[in-house]
Structures are given as C-alpha cells and as structure tokens.
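J.:
Residue numbers (the working numbering): 4 to 66.
#1: Quick one: give me the first and last residue of the beta strand (DSSP E) that residue 60 is part of.
#2: Where residue 53 and residue 62 are concerned, what is the direct C-alpha to C-alpha distance, given to the nearest angstrom?
#3: What's the C-alpha gap between residue 45 and residue 22?
#4: Nearest-angstrom Cα distance between residue 49 and residue 9?
#5: Going by the beta-carbon positions, is the gap between residue 41 and residue 35 smaller than 8 Å?
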C-alpha cells in the first residue's frame, strides 16, 4: 500500500532527480525506524510538506 509520502534529499540537481535509477521505494515504517522523529508528521493532511532544518528541527513549509 502506498502511504503517499515522498522523502527527498534537497541537494539533488534536476538532472539527478529526473533519472529514475536514483529513486527507490521503501515502506514508510522502514524510514520511520531510521528517523523516528517523522512519526508525529505522518498523519498530517494530504498536501502537507515539511523540511528538516537541523537534526532535531522539522518545520512545515508552504508549498
């Protein structure tokens, strides 16, 4: 089942992002096991977007 979440690293160029070989699909639980601080955001409304400002600071961003 697709959770609808997309996690990206913000330093990839458009050329990098356009190459599907640079993308992988993971269960959201796998990502949450590595980054448990995202769990509080997983029930956010559809269309929500967040940005990690530091290792301990995640903030909502306007999209």
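Every residue gets a Cβ at the ideal spot worked out from N, C-alpha and C, and that includes glycine.
T.: This is what the structure holds:
#1: Translated into the one-based positions of the chain shown, residue 60 becomes position 57. Element bounds for residue 60: 60–63.
#2: Position 50 of the chain shown holds residue 53. Position 59 of the chain shown holds residue 62. So the alpha carbons of these two residues sit roughly 5 Å apart.
#3: Along the chain shown, one-based indexing puts residue 45 at 42. Along the chain shown, one-based indexing puts residue 22 at 19. Each residue's alpha carbon lies about 27 Å from the other.
#4: The residue given as residue 49 occupies position 46 in the chain shown. The residue given as residue 9 occupies position 6 in the chain shown. About 12 Å.
#5: The residue labelled residue 41 in the question sits at position 38 within the chain shown. The residue labelled residue 35 in the question sits at position 32 within the chain shown. Yes, they are a contact pair.
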